[in-house]
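If you're matching positions, the sequence shown starts at 755 in this note's numbering and goes up one per residue.
See below for the structure under consideration.
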Amino acid sequence: MKLRNLLIGSAVVGGILLCAGGIGGYQYVSKLNKQLDTTVLPHTTFEGTSLDGKSKEEVQEVIQQKVDELNKKSLNYTFQDSTQTYTWKDLGVEYKEKDIVKNIFKEQNGNIMNRYKMRKQAESGELTREYTLKPQLNTATYDAFMKEKYNDALKKPINAELSISGTTINISQSQNGEKIDKEQLKDLTTKAIAAGTQDIKLPIASIKPERSTEDIQNMGITEVIAEYSTPMAGRNGNQSFNVNKSANTLSGAIVAPDETFSFNGRVGITDAAHGYKSAAVYLQGKVVQSAGGGVCQVSSTLYSAALRADLGVVARSNHSMPVHYLPLGQDAAVADYGPDLKFKNNTGKYIYIQAFSTGSSITTRIFGTPTGKNVEISSKVIGETENKITAVTHKKVTQNGQVISNGQISKSVYKKA
C-alpha cells in the first residue's frame, strides 16, 4: 500500500513538472521550497492563534506576546495572615519559546514530493498542527529568588544549655525552630503553574537545634566523679587575682570522649596583655616576679583531680622547686609557650570541668559518669642531696573490690629552695 501511494505521489509530482516544462518546473520547486522555508503552512496554530502564512519573525512576535502575557500571571504565597504575590517572571518560569519557531519550520522540511503533499494536505485541512508553550521553572533562577525571599528562619531553634551551680546540674529545654520548606514549596509551585492555580499555602519545616536536651542528657555528665582542693594560704592579692581569673576561664570546659584536654589551650596566654598581674613564679630554680604568678596552682589542683578521675595523663611537668600547697610529685607546672598539662578523657562519656576559689582554697571538680573506680594517690621521696629532692608518685586503682592497676606514674626532681 505504501509503495502504491509512493508511486502515485511520484507520478503526480512528475506530471506537474512535465506539464510545467523544465524551466517552469524548476521555478515551481524553488517557489514551494521558499514558501515552506519562510512562511507557515495553513491550519497551523499557536495557542489557538492561526499562524497561516506568517514569517519566522511574525511567528516570534505572536509567541512573545503570549510569553509576555504569561509572565504577568502570578502566584500568591500565604503564611498565616500574610500574603506575598510574585509573577511567573519573578519566579523564573521559562517557556523555551525559541524552540517552537525552530520546530515549526523543521516539521515543514522534506523532499519536494513530501513538501508538495504536505502543502496540499495543509490547504485542504487534512493536515493540522497545534503548538503550545510548556511553562516550567528555571531551577537556578527560582532557587536564587526563593533564597532571597525565604532563607531566614521563621523561628530560630534554641539550643539546650548545660550549667552547673555547686554540684547541681541543670539542663535547659531545647526548642525546634521553623522555616519555609523550600523543596516542598518548589513542588507546589510547579504543580500550581501546570494546573493554572494561583494560591499556595507556604509549607513549614522544623529546624532542629544543634544541641538538643536529649543530646546533653546523653553526654553522661551526671555527677562529680573526682574533685580536689588546695589551700591558698599565704597568697597575696595579685596571686589570688590570677588564681581566680584562670579558674574562671577554666571552669565550664567540656571534654568529649577520647579528646585530649590542654590546660594552656583552654586558659590561654597569661601575660599582662591578657589581664594577668605580676606575682611570684618559679623560673629555673629561682623566684622571680612575672605576670600570671599563681596560675600553676590551678593547673596543679586540676591535675590532682584528673588523677583521681583516672584520666589518661598525656603531659605533665613538675615545678623547678617544691610548692607548698601539694605533696611532692603531685604538682603540674604550666607556662606560656612552655610546659602544659594535658590529659585524655578515657571515660567513654563527656566530662565537665568546674573550678572556683573560696578565698581560702581553690577547688576543681570533674563531672561525668561514675565508673565505680576508687583511686589512691601517694608520693614519697626516694632521694635527696644537698641541692635536689627526688620524689615518685604512685596510683592505685580499684573497681568492685579488685585492683585493676597499681604502679608508679611519675618521677619528679626538684631543686631545694
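Glycine included, every Cβ here is placed at the ideal spot set by N, Cα and C.
Every value quoted in this text rests on a predicted model; they were computed, and no experiment measured them.
Query raised in the report: In the structure shown, what three-state DSSP assignment does asparagine 992 receive?
Result: Here the question's residue 992 lines up with position 238 in the sequence shown. Helix, per DSSP.
Requested in this report: Could you check how far apart the C-beta atoms of asparagine 892 and proline 911 are, in whole angstroms? I think they sit under 8 Å.
Outcome: Taking the sequence shown and counting its residues from 1, the one referred to as residue 892 is at position 138. Taking the sequence shown and counting its residues from 1, the one referred to as residue 911 is at position 157. Actually they are not in contact, since the Cβ atoms of asparagine 892 and proline 911 sit about 32 Å apart, beyond 8 Å.
Report task. May I have the straight-line CA-CA distance separating serine 1174 from tyrosine 904, to the nearest angstrom? Result -> This structure does not reach residue 1174, given that the chain is present from 755 up to 1171, and the question cannot be answered.
Query - Own chain partners of lysine 962 with C-beta closer than 7 Å, once the 5 adjacent residues on each side are dropped - result: Reading the sequence shown from its first residue, position 208 is the one you call residue 962. Within the same chain, lysine 962 has close Cβ partners Pro911, Asn930.
Query raised in the report: CB-CB under 6 Å to glutamine 927, same chain, minus the five flanking residues each way: which ones, in chain order?
Result: Taking the sequence shown and counting its residues from 1, one reaches residue 927 at position 173. Thr967.
Requested in this report: If I'm right that aspartate 1064 touches valine 1129 with Cβ under 8 Å, what's the distance once you round it to whole angstroms?
Outcome: One-based indexing of the sequence shown puts residue 1064 at position 310. One-based indexing of the sequence shown puts residue 1129 at position 375. At roughly 5 Å, the Cβ-Cβ gap stays under 8 Å, so aspartate 1064 and valine 1129 are in contact.
Query raised in the report: With a Cβ-Cβ cutoff of 9 Å, do glutamate 851 and glutamine 814 count as a contact?
Result: If you number the sequence shown from 1, residue 851 lands on position 97. If you number the sequence shown from 1, residue 814 lands on position 60. Against a cut-off of 9 Å, the Cβ pair of glutamine 814 and glutamate 851 comes out as a contact.
**Report entry** Three-state secondary structure (DSSP) of leucine 1056
**Finding:** Against the sequence shown, residue 1056 aligns to sequence position 302. Of the three classes helix, strand and coil, the one that applies to leucine 1056 here is helix, per DSSP.
Report task. Taking arginine 802 as the reference, give the member of Ile817, Lys1170, Cys1050 with the closest Cα. Result -> Start at 1 with the first residue of the sequence shown, and residue 802 comes out as number 48. According to the sequence shown, residue 802 is glycine rather than arginine. It is Ile817 whose Cα lies nearest to the Cα of glycine 802.
**Report entry** proline 985 - partner residues in DSSP beta bridges
**Finding:** Position 231 of the sequence shown holds residue 985. BP columns for proline 985 point to Ser1115.
Requested in this report: Flag this pair as yes or no: are the beta carbons of phenylalanine 1121 and threonine 895 separated by less than 9 Å?
Outcome: As a first step, residue 1121 must be located in the sequence shown, where it is residue number 367. As a first step, residue 895 must be located in the sequence shown, where it is residue number 141. Not a contact, by the Cβ cut-off of 9 Å.
Query raised in the report: So, helix, strand or coil for glycine 1019, using DSSP?
Result: Numbered from 1 along the sequence shown, position 265 holds the residue referred to as residue 1019. DSSP places glycine 1019 in helix when its eight states are reduced to three.
Requested in this report: Under 8 Å by Cβ, that's how I've got leucine 1095 and arginine 1070 pegged, so tell me the actual separation to the nearest angstrom.
Outcome: Mapped onto the sequence shown, residue 1095 falls at position 341. Mapped onto the sequence shown, residue 1070 falls at position 316. Indeed they touch by this definition, with Cβ atoms about 6 Å apart.
Query raised in the report: Looking only at its own chain, which residues have a Cβ that is under 6 Å from the Cβ of serine 1000, when we skip the five neighbours before and after it?
Result: Your numbering for residue 1000 matches position 246 in the sequence shown. Within the same chain, serine 1000 has close Cβ partners Val1021, Val1049, Val1052.
Query - Span separating the alpha-carbon of tyrosine 831 from that of asparagine 825 - result: Against the sequence shown, residue 831 aligns to sequence position 77. Against the sequence shown, residue 825 aligns to sequence position 71. Roughly 17 Å between the two C-alpha positions.
Requested in this report: Might you give, ordered along the chain, the residues of its own chain that have their beta carbon closer than 8 Å to the beta carbon of alanine 1026, omitting 5 neighbours on each side?
Outcome: Position 272 of the sequence shown, counted from the start, is the residue given in the question as residue 1026. Within the same chain, alanine 1026 has close Cβ partners Ser1032, Ala1045.
Query - C-alpha distance - isoleucine 1143 paired with glutamine 1162, whole-angstrom precision - result: By one-based count along the sequence shown, residue 1143 stands at place 389. By one-based count along the sequence shown, residue 1162 stands at place 408. Spanning the two alpha carbons is a distance of roughly 17 Å.
Query raised in the report: Can you name the start and end residues of the beta strand (DSSP E) that serine 917 belongs to?
Result: Numbered from 1 along the sequence shown, position 163 holds the residue referred to as residue 917. Looking at the DSSP string, the run of the beta strand (DSSP E) that includes serine 917 is 916–919.
Query raised in the report: When the distance is taken between beta carbons, is lysine 1134 closer than 9 Å to alanine 1145?
Result: Along the sequence shown, read from residue 1 onward, the residue named residue 1145 stands at position 391. Along the sequence shown, read from residue 1 onward, the residue named residue 1134 stands at position 380. Yes, Cβ-Cβ distance for alanine 1145 and lysine 1134 is below 9 Å.
Query - Same chain only: Cβ atoms within 6 Å of glutamate 915, ignoring 5 sequence neighbours per side - result: Here residue 915 refers to the residue found at position 161 of the sequence shown. Same-chain partners within the cutoff: Ser926.
Query - In chain order, each alpha helix (DSSP H) run of at least 4 residues that lies wholly inside the segment 818–886 - result: 842–845, 851–860, 866–878
Query raised in the report: When we look at the beta-carbon of proline 1124 and count the other beta-carbons within 10 Å, is it buried (16 or more) or exposed?
Result: On the sequence shown, position 370 is the one that residue 1124 refers to. Proline 1124 is exposed by the Cβ-count criterion.
**Report entry** Residues near tyrosine 885 by beta carbon distance below 6 Å, same chain, minus five either side
**Finding:** Here residue 885 refers to the residue found at position 131 of the sequence shown. If we look at tyrosine 885 and ignore the five residues flanking it on each side, its Cβ neighbours are Phe800, Ile854.
Query raised in the report: Just the Cα atoms here: how many angstroms apart are serine 1132 and lysine 933?
Result: The residue you call residue 1132 lines up with position 378 of the sequence shown. The residue you call residue 933 lines up with position 179 of the sequence shown. Cα to Cα, the separation comes out at about 58 Å.
Query - Length of the line joining the Cα atoms of serine 1164 and serine 960 - result: Position 410 of the sequence shown, counting from 1, holds the residue named residue 1164. Position 206 of the sequence shown, counting from 1, holds the residue named residue 960. The straight-line gap from Cα to Cα measures roughly 53 Å.
Query raised in the report: Count the other CB atoms within 10 Å of the CB of histidine 1073; is the residue buried (16 or more) or exposed (fewer)?
Result: Residue 1073 sits at position 319 when you count from the first residue of the sequence shown. Buried, since its Cβ has 16 or more Cβ neighbours within 10 Å.
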